[in-house]
Amino acid sequence: MLEKETGSIFEFIEKNSLLMGVSIFVIITIGGIVEVIPSFTQSARPIAGLKPYSALELAGRQIYIRESCNACHSQLIRPFKAETDRYGAYSLSGEYAYDRPFLWGSRRTGPDLHRVGNYRTTDWHEAHFKNARAVSPGSNMPNFPWLFEDSVDVGTVHAEMVTVRDVFGVPYDQGDNPQSGKTLEATRQLVIEEAGPVIEAMKDQSVKDAYAQGDVKDVVALIAYLNRMK
Amino acid sequence: MPTTQSFTEYDYSVAKGFVLSALLWGVVGMSVGLTLAFELIFPELNANLPWLTFNRLRPLHTNAVIFGFTLAGIFASWYYVSQRVLKVRMVLPVLAKAHLVLFNLIIVLAAYTLLAGHSTSKEYHELPWWLDVVIVVMWLMWGGHMFAMLGARKEKTLYVSLWYFMACFLGVGMLFLFNGLAIPTWFVTQTGNWWHSVSMYAGTNDAQVQWWFGHNAVAFVLTVPIIAISYYFIPKQANQPVYSYRLSLWSFWGLIFVYLWAGPHHLIYSTVPDWVQTLGVVFSLILIIPSWGSMVNLLLTMSGKWEQLKTDPIAKLLVIGSTFYGFATLEGPVQAIKSVNAIAHFTDWIVGHVHNGALGWVGFTIMGAIYHMVPRMYNTRLYSVKLAENQFWVQTLGIVFYFTSMWVAGITQGSMWRTTDQFGNLAYSFLDTVRAMVPYWSLRAVGGTLYLAGFIMFIYNIRMTIRNAADFQVDGEQSTSSGSVQAA
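This is the structure in structure tokens:
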């Protein structure tokens, strides 16, 4: 048998399951309280000039999440010369203030995207989503043909915009910040309006034809989101 | 350890159900993982179907192996071990059976939502809010059963495995609840997808909460309950008590205290405050002590019985499992050191590290436990010791392929990203570093294939054991190749 510490506090705890449970719970809460709570308010402050995501950008962000782009792409440039040379200025906490959820990723199977808007263009993304390996030989990124077929889910975009505006106080409609749709129909108009310039820079005829019918394809929103990443 | 008691008094119906669940979700999760390994080399394999792409399959792989295979193995062990160490027949059988059914339903729904792209994007917490609610119900069913068993127990002193099971229940419950906090957008606006939600936390805060969760999901799903399993099955298989009570005591309290501080090592050189990162690194290094305390304690439980490893593949799985635990818990803290992390982060070395733990420690320990439990629950003997032996070597070879290739891949790519030419310009394009990975990814796929092949051998062995149970009923506890093992 095991040698027991007779009469010790541990022996007492080991005979009392409720006390054991409480002791475990107290011990495991300490680390999180010390590390997460103190900087919580400060870390959430937006950097000067940061704008909330526009309706079309937010739609693109939802597609980015739906496709788990973060499984292969980071959005976090670390403060090393090798990273700033490759991707641009290192990331700052205040740039993420409107990111719910954050999308830093954990494995760069593909390159970082935090400032991809500085060095990739709409038509590059368009060709790359259709056939990544035609644009980047040796790439292992899948093709995303369905982005050219599925349409933006305006209802969910509207729902998220209104939620972050009303619940978290995201400053839409202030100064030159993007508009939030007052109604679902207003959000639809915002999406269509913003999509125009993106689609103009694209080549795909079916996307243009759909747009003429007032239908914005997923790829347009995703590119608008990536173009904003600067 | 409790003294001898006839196993016929125990109710194994739910433990048996969870064993089968572990086999099912194990083979699903590992097959998806292998598909991912090949998709990295041949991206065309997705056939241009959204639900077959790497990006959508990756969360399915992690969820199926962590929450499908591993949790099923943990629950199977709980429903088997708890009766024996508490000396009481399984209480509340209806609750326990409902727990089994709901668990499997959740994994099916999880697979559907992940393939459909209903993801929150948070690693290991991708499931939509409504499924989180169902998971909390399932978790409370387990907790309810746990405390009902503890309340009904006839053995007053809680065996060390029970401490770890309790820590698993409480730890995962706390982490999951706080990380999952989100506002379902449909309730605010009545438009859009009903399953969509927005995280309660933004940006850097969200990252901190997520990796407090993510790191400790590893602690309280992939470590703590697996130690619980080892603390029961290694002494049983070796037929001698745990090496040191005092070591189990201090390594338990040390582990559950220190683990929660180490989360920020996932966020080194990110935008979380520097002091938080440094604290995370320091505690990651301290974490070696309680981790190795458990490993040493488990391995020394074999003292004087080492020759059993020559002939007993079940002891092999359990002992090598704990050895991989020691390996992974040394490798992790090394990767947490800032200067090492600068190269290792975002590379396959991290993937390799996770799989040392997952394939070596978690996989081997759960398979060892199932090999130990099944003949006893079905009152028969193991179908083939030789097959188990071969499985062990096939899978061990698979793991060696896996971690060696991922070591080289990670350090190579991490170094290539920062290599400069004589003028200080970056020497390699990102694509150069991707192309350089293909040989290592191929070796890893070989490793994964071997491990999955071993797992299929395992399933076959268990299936034949159960099928032959009717023909080979034996009174009392069963022997494996190691000779007669005393009943619990």
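Sequences listed follow chains A and B, in order.
Using our numbering, the letters of the first sequence map in sequence onto residues 1 to 230.
Using our numbering, the letters of the second sequence map in sequence onto residues 231 to 718.
A virtual CB, placed ideally from N, CA and C, is assigned to each residue, including glycine.
A quick note: this is a predicted structure, and the numbers were derived from the prediction, not measured.
Original post:
What is the DSSP secondary structure of residue 413 of chain B, reduced to helix, strand or coil?
Top reply: strand
Original post:
Beta-carbon of residue 464 of chain B versus every beta-carbon of chain A: anything under 8 angstroms?
Top reply: no
Original post:
Got a sec: is the Cβ-Cβ distance from residue 102 of chain A to anything in chain B below 8 angstroms?
Top reply: yes
Subject >> For residue 429 of chain B, the first and last residue of its enclosing beta strand (DSSP E) >> reply: 427-429
Subject >> Bounding residues of the alpha helix (DSSP H) (the contiguous stretch that carries residue 232 of chain A) >> reply: Look at the range of chain A in this structure, 1 to 230, and you will see that residue 232 of chain A is not part of it.
**OP:** Whole angstroms is fine: what's the gap from residue 124 of chain A's alpha carbon to residue 110 of chain A's?
**Re:** Their backbone Cα atoms lie some 16 angstroms apart in a straight line.
Subject >> Minimum C-alpha distance to residue 119 of chain A - residue among A/148, A/140, A/103 and A/86 >> reply: Shortest Cα-Cα distance from residue 119 of chain A to any of A/148, A/140, A/103 and A/86 involves A/86.
Original post:
By Cβ distance, which residues of its chain are closer than 6 angstroms to residue 450 of chain B, with the 5 residues on each side in sequence left out?
Top reply: 398, 401 and 402
Original post:
Can you find a CB in chain A that lies within less than 8 angstroms of the CB of residue 479 of chain B?
Top reply: yes
**OP:** Assess, as a yes-or-no matter, whether the segment 579-586 of chain B is touched by the segment 658-667 of chain B under the definition of 3 or more beta carbon pairs within less than 8 angstroms.
**Re:** no
Original post:
Closer than 8 angstroms, CB to CB, is residue 215 of chain A near chain B or not?
Top reply: Closer than 8 angstroms: no.
Original post:
DSSP three-state call for residue 144 of chain A: helix, strand or coil?
Top reply: coil
**OP:** Rank B/276, B/246, B/295 and B/278 by C-alpha distance to the C-alpha of residue 261 of chain B and give the top, closest one.
**Re:** B/295
Original post:
When you check each C-beta in the segment 73-102 of chain A against every C-beta of chain E, which residues fall closer than 9 angstroms?
Top reply: Considering every chain present, this structure includes no chain E. Its protein chains are A and B.
Original post:
Taking 8 angstroms as the CB-CB cut-off, is residue 145 of chain A touching chain B?
Top reply: Proximity of residue 145 of chain A to chain B, defined by a Cβ-Cβ separation below 8 angstroms, is satisfied.
Original post:
Could one say the Cβ of residue 153 of chain A lies closer than 8 angstroms to chain B's Cβ atoms, at least one of them?
Top reply: yes
Original post:
Secondary structure at residue 264 of chain A, three-state DSSP: helix, strand or coil?
Top reply: With chain A covering 1 to 230 only, the question about residue 264 of chain A has no answer from this structure.
Original post:
In chain A, what lies closer than 9 angstroms to residue 565 of chain B by C-beta?
Top reply: The CB of residue 565 of chain B never comes closer than 9 angstroms to any CB in chain A; the least such distance is about 12 angstroms.
**OP:** Check each candidate in B/636, B/300, B/327 and B/501 and name the one with the smallest Cα separation from residue 600 of chain B.
**Re:** B/300
Original post:
Roughly how many angstroms separate the alpha carbons of residue 32 of chain A and residue 366 of chain B, rounded to a whole number?
Top reply: Approximately 21 angstroms, taken between the alpha carbons.
Original post:
Exposed or buried, which one is residue 716 of chain B when buried takes at least 16 other CB atoms within 10 Å?
Top reply: Below a pLDDT of 50, predicted positions are generally treated as unreliable, and residue 716 of chain B, at 39, falls in that range; no measurement from the model is reported.
Original post:
What is the C-beta distance between residue 204 of chain A and residue 148 of chain A, in whole angstroms, given that I count them as a contact (C-beta under 8 angstroms)?
Top reply: 6 angstroms
Subject >> First through last residue of the alpha helix (DSSP H) which encompasses residue 31 of chain A >> reply: 17-36
Original post:
Can you tell me whether residue 435 of chain B is buried or exposed, with buried defined as 16 or more other CB within 10 angstroms of its CB?
Top reply: buried
Subject >> residue 102 of chain A (DSSP reduced to helix, strand or coil) >> reply: In the structure shown, the three-state DSSP call for residue 102 of chain A is coil.
Original post:
Closest to residue 468 of chain B by CA distance: which of B/414, B/689, B/447 and B/541 is it?
Top reply: Ranking the options by Cα distance to residue 468 of chain B, first place goes to B/541.
Original post:
List, in order along the chain, the chain B residues whose C-beta lies closer than 8 angstroms to that of residue 158 of chain A?
Top reply: 419, 421 and 422
Subject >> Span separating the alpha-carbon of residue 163 of chain A from that of residue 281 of chain B >> reply: Residue 163 of chain A and residue 281 of chain B: Cα-Cα distance of roughly 29 angstroms.
**OP:** Answer yes or no: does any C-beta atom of chain B fall closer than 8 angstroms to that of residue 111 of chain A?
**Re:** yes
Subject >> Alpha-carbon to alpha-carbon, residue 171 of chain A and residue 559 of chain B >> reply: 45 angstroms
Original post:
For residue 576 of chain B, which beta-bridge partners are listed by DSSP?
Top reply: Paired residues: A/107.
Original post:
Using the rule of at least 16 other Cβ atoms within 10 Å of the residue's Cβ for burial, across every protein chain shown, is residue 270 of chain A buried or exposed?
Top reply: In the structure displayed, chain A extends from 1 to 230; residue 270 of chain A sits before or after that span and is not available.
**OP:** Taking residue 40 of chain A as the query, report the chain B residues whose CB atoms sit under 7 angstroms from its CB, ordered along the chain.
**Re:** Residues of chain B passing the Cβ test: 435.
Original post:
Can you list, in chain order, the residues of its chain whose CB lies under 6 angstroms from that of residue 132 of chain A, leaving out five sequence neighbours each side?
Top reply: So the qualifying residues of the chain are 139 and 141.
Subject >> Span separating the alpha-carbon of residue 174 of chain A from that of residue 57 of chain A >> reply: 17 angstroms
Original post:
When the Cα atoms are used, what is the spatial distance from residue 352 of chain B to residue 76 of chain A?
Top reply: 15 angstroms
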